[in-house]
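I have placed the structure first, in the form of structure tokens, so that the comments after it can refer back to it.
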């Protein structure tokens, strides 16, 4: 009920008690799998095609009749029940086109369900080329349409009465389009769809068909092997979450881990019920559903996030939801439609996300698009996970969308009756005067028929020319010529729009490439100028004996051209001069240093030994200190996993710190920092340190973990116990 109350302020826009129920999904409908295709406030999830205009006002989707047009869903569906209310002008030339594809005219590739009586052969309620409907619908009044497409079976009801049933298997899946011709006034509301004939992924009693996948234990640090025998790494076993079946639902705890389907899927409509069990009002545990990932590997593929009040419905890292509707400790129904690069998501029947991945195809979801099949994976991200999943159903989509009707088979030749056996001929009858021949039928020729045939032939020829061409400029011109001959041609209107979009995309890409080349050229010129100035200033400083200034100029030059021969030569000369000067200074002050060291030692003994510590400089626990009182101190995001544990646990909300992130070793009063193969890196004074290689720490050093937390190194006098 709380989920419904959160949907209502977004979905309801009509005034009055009667209109308050329009364009919503009740809790019972959501649980049954119904989703809204029209949210009542926008054309979210739809794509307009043609010159006619669509608008949304007062919870009604309207077509103005200024030209032909189709409003097409962005998602693809196969088997489903469809419900909608429509209202049209007298003899409206309009239809709902189902299971169609954009390769050809919608009426040819899909099923045209007529909404008006402008076509006498196919009145309202007809599915063209399948069955004829009753027609005779009252104009300018609302009518309720119900259509079921289940495999090859098609049935339609209008206002609760059957309009017809039939069977046709030429198209198995495709888009849904609302189509109308020029001059037609048409309104829609309450457009809802329920996927049917889905395959169950969970039987409600055991985990048959599913596989638990865990995380591999972290590799031991190389520094441990080199500097200490205190820590002895073991082989360890993968860490898996605890998955079971409780009360007819899959129950997941004690992550990290995931439960993945044994079968792989690429294009599909997935529906499932999800519940995230929270311990407190302000704590929203995380979860997710991974799609098209790598089997046997955790957290791969596209992640549909689950974190109520924060990100439920988000395609992680790619597209945030426009509304977050899930509620902790309550089951909510999630629907995910995936085909090719397009994703659409509904929560409790309400559309919350729509995303098309336009990136180059490749294996890394963080950088590239992925269309290859992968398992459906339920994710338990951490040890506090407490999740339930049930009613998991999937409808795989066929690769081929739409279809074309087969031409009717030719009629069999008429049978010629066989003459009976010869018999005695009857006597001839008296001849009668021949009857007058019937009058010849009067044929009224259509004076425009020849012109219509010629125009249609020209349209067909131009259409073939446009389909064969790969040049958007040529396609746009040809489709423009077709529209001049036939303004109501849906294919030409859509083709012209697609060609213009390709032209604009190519133009934008060319401009981008030109700007990048200009920027690269400018950068190279700037680098060359910086290098020349650094070499000149460095040489001048070196000859004048200002070695520190010379070193600074060498450092500037290395930033833009680290391998320049002239710069390397100057660097070598400056380094040699610095070393020579240091040797002279060391010899001069050697004796004084020994005296000074003795004094320092006496002072140290007098004042007491100082112990190192780490302090959170930037992060959630800013100001907190951690003593470095062991030979090896382990730092990470969790306290312990099996036999491995961290002495210092650092929290961050962005999950950038690895579970076992880094280590600090003490050797003869010196501190060494080692990165333990962390995912997001360990940085010392702004530079990322190599994994498993010790780096010296000093007082005042700043260590950044994964870019989210900064630790400072300090020393303080050891407190007397």
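Numbering (the numbering used here), first residue to last: 88 to 808.
From the three backbone atoms N, C-alpha and C, an ideal C-beta is built for every residue, glycine too.
Coil, strand or helix - residue 283 by DSSP: Here residue 283 sits in coil by DSSP.
With DSSP as the reference, please indicate the residues paired to residue 714 in a beta bridge. Looking at the DSSP output, residue 714 sits in a beta bridge with 700.
Are residue 648 and residue 614 touching if we call contact CB-CB under 8 Å? In this structure, residue 614 lies closer than 8 Å to residue 648 by Cβ.
For residue 143, which residues in the same chain have their Cβ closer than 7 Å to its Cβ, ignoring the five residues on either side in sequence? For residue 143, where only same-chain residues beyond five positions count, the Cβ hits under 7 Å are 128, 129 and 130.
In DSSP terms, what residue 28 is bridged to: This structure leaves residue 28 out entirely; the chain is present only between 88 and 808.
Once you ignore the five residues that flank residue 270 on each side, which residues in its own chain have a CB closer than 7 Å to its CB? Correct list, in chain order: 152.
Taking Cβ positions, are residue 748 and residue 776 nearer each other than 8 Å? Contact: no.
Is the Cβ-Cβ distance between residue 146 and residue 109 less than 8 Å? Result yes, Cβ atoms of residue 146 and residue 109 sit closer than 8 Å.
In its own chain, which residues sit with a C-beta less than 6 Å from the C-beta of residue 513, not counting the 5 before and 5 after it? The pLDDT assigned to residue 513 is 46, lower than 50, so where the model puts this residue is not dependable; a value taken from the coordinates is nonetheless given after this. Around residue 513: no qualifying Cβ.
Counting only the same chain and skipping the five closest in sequence on each side, list residues whose C-beta sits under 7 Å from that of residue 553. When the five nearest sequence neighbours on each side are left out, the beta carbons in the same chain lying within less than 7 Å of the beta carbon of residue 553 are those of 562, 565, 566 and 582, in order along the chain.
Under a Cβ-count criterion, where at least 16 other Cβ atoms within 10 Å of its own Cβ denotes burial, should residue 201 be classed as buried or exposed? By the neighbour-count definition (other C-beta atoms within 10 Å, threshold 16), residue 201 is a buried residue.
For residue 440, three-class secondary structure by DSSP: It is a strand residue.
Nearest CA to the CA of residue 123: which residue from 438, 248 and 405? Answer by Cα proximity: 438.
CB-CB under 7 Å to residue 240, same chain, minus the five flanking residues each way: which ones, in chain order? For residue 240, where only same-chain residues beyond five positions count, the Cβ hits under 7 Å are 254.
Beta-carbon proximity check, residue 640 vs residue 621, cutoff 8 Å: Cβ atoms of residue 640 and residue 621: closer than 8 Å.
Same chain only: Cβ atoms within 8 Å of residue 371, ignoring 5 sequence neighbours per side: 363, 365, 394, 395, 396, 397 and 415.
Near residue 586, which residues of its chain fall below 7 Å by C-beta distance, leaving aside the five closest residues on each side in sequence? Closer than 7 Å at the Cβ level, and outside the excluded window around residue 586, lie 559, 562, 563 and 566.
Return helix, strand or coil for residue 314, following the three-state DSSP convention. In this predicted model, residue 314 has a pLDDT of only 49, less than 50, meaning its place in the structure is not dependable enough to derive any value.
The alpha helix (DSSP H) that contains residue 267, what's its start and end? Segment 262 to 267 is the beta strand (DSSP E) holding residue 267; no alpha helix (DSSP H) there.
Measuring alpha carbon to alpha carbon, tell me which of 356, 222, 712 and 384 ends up nearest residue 803. Checking every option, the nearest Cα to that of residue 803 belongs to 712.
Residue from 689, 751, 283 and 745 whose Cα sits closest to the Cα of residue 468: For the residues 689, 751, 283 and 745, the minimum Cα distance to residue 468 belongs to 745.
Residue 226 versus 245, 203, 246 and 214, residue with shortest Cα-Cα distance: It is 203.
For residue 182, name the three-state secondary structure that DSSP assigns. Secondary structure at residue 182: strand, using DSSP grouped into helix, strand and coil.
Quick one: is residue 550 buried, meaning 16 or more other Cβ sit within 10 Å of its Cβ, or exposed? Buried, because 16 or more other Cβ atoms sit within 10 Å of the Cβ of residue 550.
Pop quiz: residue 481 and residue 285 are said to be a contact at Cβ under 8 Å. What is the actual Cβ separation, rounded to whole angstroms? Confirmed, Cβ separation roughly 6 Å.
Please name the residue in 138, 223, 280 and 273 whose C-alpha comes closest to that of residue 163. Among 138, 223, 280 and 273, the Cα nearest to that of residue 163 is on 280.
State the Cα-Cα distance for the pair residue 646 and residue 636, rounded to the nearest angstrom. Approximately 16 Å, taken between the alpha carbons.
Could you tell me whether the Cβ atoms of residue 336 and residue 299 are closer together than 8 Å? Between residue 336 and residue 299, the C-beta gap is not smaller than 8 Å, which leaves the two residues out of contact.
In its own chain, which residues sit with a C-beta less than 7 Å from the C-beta of residue 821, not counting the 5 before and 5 after it? Because the chain is modelled from 88 through 808, residue 821 falls outside the range shown and cannot be assessed.
Along the chain, where does the beta strand (DSSP E) containing residue 564 start, and where does it finish? For residue 564, there is no enclosing beta strand (DSSP E); the enclosing alpha helix (DSSP H) covers residues 559 to 572.
Quick check: the Cα distance between residue 634 and residue 454, rounded to an integer number of angstroms? Linking residue 634 to residue 454 through their CA atoms gives a straight-line distance of about 45 Å.
Please confirm whether residue 489 and residue 458 have their CB atoms less than 8 Å apart. Not a contact, by the Cβ cut-off of 8 Å.
Buried or exposed, going by whether 16 or more other CB atoms sit within 10 Å of the CB of residue 523? At residue 523 the pLDDT is 46, less than 50, meaning the model places this residue with poor confidence; the figure from the coordinates comes in the next sentence. An exposed status is given to residue 523, since fewer than 16 other beta-carbon atoms sit within 10 Å of its beta-carbon.
Quick check: residue 750 and residue 766, are their CB atoms within less than 8 Å of each other? In this structure, residue 750 sits away from residue 766, with a CB-CB distance that is not shorter than 8 Å.
Report, in whole angstroms, the separation of the C-beta atoms of residue 195 and residue 486, which I expect to be a contact under 8 Å. Contact annotation, residue 195 with residue 486: C-beta distance approximately 19 Å; criterion of less than 8 Å not satisfied.
Can you name the residues that DSSP bridges to residue 167? DSSP lists 236 and 282 as partners of residue 167.
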